[in-house]
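Heads up, the thing below is written out as structure tokens.
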Amino acid sequence: MEPENILTTSISAAFDAVFTMSSDWSRMLHLKSTGFLQQTDTPVTDWLHQYIPQEDQARVAHMVREAVARKQRFRLIHRVRTANGGTGWALSSAVPVMDNQEQIVEWLVGSIDITESHRASDVTRTARQVAERQIRLYETITASTPDLIYVFDLNYRFTYANKALLAMWGKEWEAAIGKGLRENGYEDWHANMHEREIDTVRRTKLPIRGEVSFPHAVLGRRIYDYIFTPVFNEIGDVEAIAGTTRDITDIRNAEMKIVESENRFRNMAEGADVMINVTDGQGTNVYFNRLWAVVTGRTIPDLLASGWLDLVHPDDKIRIERLLAERTEKKLRWKSEFRIVRADGSYLWLLLQATPRFHSDGSFAGYINSLVDITDIKENEQRKNDFISTISHELRTPLTSATGFVEILQARAVSDGDQHAASMLTIVEKQLDKMTRMLHNFLNAARFESSNMHMRIERFDISILLHELEEELKATVTSHILSFKSREIWIDADKEKIAQVIHNLISNAIKYSPAGSAITIDCDIINGQLRLTVEDYGPGIRLEDQPLIFTRFYRVRNTQTKYVPGFGIGLFICSEIVKAHNGQIAVESWPGKGSAFYFTLPVA
Ligand code: ADP
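Below, the structure written as structure tokens:
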């Protein structure tokens, strides 16, 4: 083989493409390749565009210019357009061929195809970049949490500690990592405990959770909650233990405060001479204080299991059950009086105040019921009632005879033509009439209390009764504008008592609404029942007082009603009479605007 040929052959064997360039690289003279780059036998002037992809053209051109100027060989890794039209990577070495005058005759260039290895290193580079990005991400996360995050190797040495943990130790990374627990300031007992836990996690391959309390350099004694988790290698063995620790001192302190305040409440509730019980949001009893057991003779577990409703006096039970259901459904505060049976079988009167309670998010949490013994007050009330009833009864006889004598005297004055005496006697008669009505009310109140109502049922047309009342009232009432509206409606009822109800409602409207205002009395059939409404434009009644005004002796105390005289029995009597007739009485009222009292009765 010719020496020249040997050279060309060995060069060709060492490179994947061999080519020659003109002295100034303006032309590629020819190129030989084994499939890596496009071969050519004829000179190519725009070799840069043909062989080099655009992103590397500037870099390659620059390198060439430098080399030509310095007449120096060079090496370059660059992208190439491969013979199959794709992009590859080449390591090219260019050597200038000189003549005797040290002038460049041409350049001899060899390129090695490094596409594969370059791609592989690309992959490692990308993998490294991804890993670095992830490390940065985790570093940011672990550095920004106040929780302590760390990793132990199987020899109990820290291989990672986040910023918070390093800060807690007061150490730099280099001083702490690779060190064991004791070297990082853990006391013996503490280090031993964690080392045993690391062993356990390693053996069981399961996480461990614990709580530990120890002093912090600055913050004093703190409580920590921690979790050790196994880190597995690719064959499933534990190769490290990752841990996180959270400072739960504040949570624990808050919990302790709640327990303390609950204990304080319990002590107060246990010592109080008020019966207290608490229910949850579902109405289940969750607490009874000791007094409940003392009064009822039941054990607290019994009370918790069966509640207190079956202890209520049979006469009060239906009313209380109804109130309980109604008020609880609307989650309202409510009050009521009723009797419950004592351990010895006797009854005591209680005043119940039921207060709804709510969680901090506003959801319903149940009721707190406090019950005070009002037996003494009730007995006093009874005595007062008996007294009033006796007095009323005693006064009735002289009053009846006084009324009789006044009537006789009046008749005589009229026949004698004594106008002066006659009109004075009319006034006396009206006053006696008022007094009689009052006594009537008192007596009725006492009678209703002992469920002793005597009824004289007859069939009558209510419009006639209303007409009589209208005549009577229009003659005597000048302070208000009364207007009556009714139609023929027949009912079976005690006429005198129904008249008393209507009279009481109208008297209240007159008593409580301003002089000169209108009062309307309207009677009609609604939903198949008689409905009589007395409406006024007075001060109205607040919602919370509305159910109470029908109870005996209840009077609303406010600036408008303070100076209006009364005993608080009028509406109680109305309500008892209406109920005895299987009717209902109620009020609709708008404070500041007025009230509409109405009752219903079955029609005949
Ligand atoms: P009394 O009028 O003697 O106080 P009642 O039993 O008739 O007793 O009424 C109970 C309470 O109801 C009254 O004290 C008053 O506060 C309120 N009330 C009754 N009727 C009206 C009304 N028409 N307007 C405003 N408040 C009224």
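Residue numbers (our numbering): 1 to 604. We put the beta carbon where it would ideally sit given N, CA and C, even for glycine.
Whole-angstrom C-beta distance between residue j and residue i, which should lie under 8 Å
{"i": "S92", "j": "R75", "result": "7 Å"}
{"i": "N162", "j": "A175", "result": "Contact doesn't hold; Cβ gap of about 15 Å is too wide."}
{"i": "S595", "j": "G538", "result": "6 Å"}
{"i": "I462", "j": "C523", "result": "6 Å"}
{"i": "I549", "j": "L571", "result": "5 Å"}
{"i": "K474", "j": "L482", "result": "6 Å"}
{"i": "D536", "j": "A509", "result": "4 Å"}
{"i": "S589", "j": "I541", "result": "4 Å"}
{"i": "F599", "j": "G583", "result": "5 Å"}
{"i": "S111", "j": "F15", "result": "6 Å"}
Where residue i sits in the DSSP three-state scheme
{"i": "W590", "result": "strand"}
{"i": "P230", "result": "strand"}
{"i": "D41", "result": "coil"}
{"i": "W173", "result": "helix"}
{"i": "F19", "result": "strand"}
{"i": "F358", "result": "strand"}
{"i": "S595", "result": "strand"}
{"i": "M1", "result": "In this prediction, M1 scores a pLDDT of 44, lower than 50, which makes its location untrustworthy; no coordinate-derived value is stated."}
{"i": "T600", "result": "strand"}
{"i": "P565", "result": "coil"}
{"i": "W308", "result": "coil"}
{"i": "R73", "result": "coil"}
{"i": "G220", "result": "strand"}
{"i": "D237", "result": "coil"}
{"i": "M424", "result": "helix"}
{"i": "R27", "result": "coil"}
{"i": "I585", "result": "strand"}
{"i": "Q54", "result": "helix"}
{"i": "R252", "result": "helix"}
{"i": "I368", "result": "strand"}
{"i": "I276", "result": "strand"}
{"i": "G615", "result": "Here the chain covers residues 1 to 604 and nothing more, so residue 615 does not appear."}
{"i": "R81", "result": "strand"}
{"i": "T296", "result": "helix"}
{"i": "K331", "result": "coil"}
{"i": "T245", "result": "strand"}
{"i": "Q560", "result": "coil"}
First and last residue of the uninterrupted alpha helix (DSSP H) at residue i
{"i": "W107", "result": "Taken as a continuous stretch (DSSP letters only), W107 belongs to no alpha helix (DSSP H), being part of the beta strand (DSSP E) at I104 to D113."}
{"i": "W189", "result": "D188 to T204"}
{"i": "M455", "result": "No alpha helix (DSSP H) contains M455, which DSSP labels as neither H nor E."}
{"i": "G570", "result": "G570 to A580"}
{"i": "P628", "result": "This structure leaves residue 628 out entirely; the chain is present only between 1 and 604."}
N- and C-terminal bounds of the beta strand (DSSP E) containing residue i
{"i": "A287", "result": "Note on identity: in this sequence residue 287 is Tyr, with Ala being the wrong assignment. Run containing Y287: N285 to F288, per the beta strand (DSSP E) assignment."}
{"i": "P215", "result": "I208 to H216"}
{"i": "Y554", "result": "Counting along the chain, Y554 falls outside any beta strand (DSSP E), and DSSP gives it neither H nor E."}
{"i": "R339", "result": "W334 to V341"}
{"i": "N385", "result": "Note, N385: premise wrong, no beta strand (DSSP E); alpha helix (DSSP H) at T375 to D416."}
{"i": "L181", "result": "It is not in any beta strand (DSSP E) - L181 carries neither H nor E in the DSSP assignment."}
{"i": "G88", "result": "T87 to M98"}
Residue i: CB within 6 Å of a non-hydrogen atom of the ligand ADP
{"i": "T561", "result": "yes"}
{"i": "A509", "result": "yes"}
{"i": "R298", "result": "no"}
{"i": "L571", "result": "yes"}
{"i": "Y537", "result": "no"}
{"i": "R531", "result": "no"}
{"i": "G654", "result": "As shown, the chain starts at 1 and ends at 604. That puts residue 654 outside it, with no answer to give."}
{"i": "R555", "result": "yes"}
{"i": "G516", "result": "no"}
{"i": "I549", "result": "yes"}
{"i": "F567", "result": "yes"}
{"i": "S595", "result": "yes"}
{"i": "I541", "result": "yes"}
{"i": "Y598", "result": "no"}
{"i": "Y287", "result": "no"}
{"i": "Y512", "result": "yes"}
Chain B contact for residue i (CB, 7 Å cutoff)
{"i": "E394", "result": "Structure shown: chain B not included; a single protein chain is present."}
Note down, one range per segment and in chain order, each alpha helix (DSSP H) of at least 4 residues found wholly within the region 460–538. 462–476 and 495–512
Which parts of the region 124–164 are runs of the beta strand (DSSP E), unbroken and 3 residues or longer, counting only runs that do not cross its ends? 148–152 and 158–161
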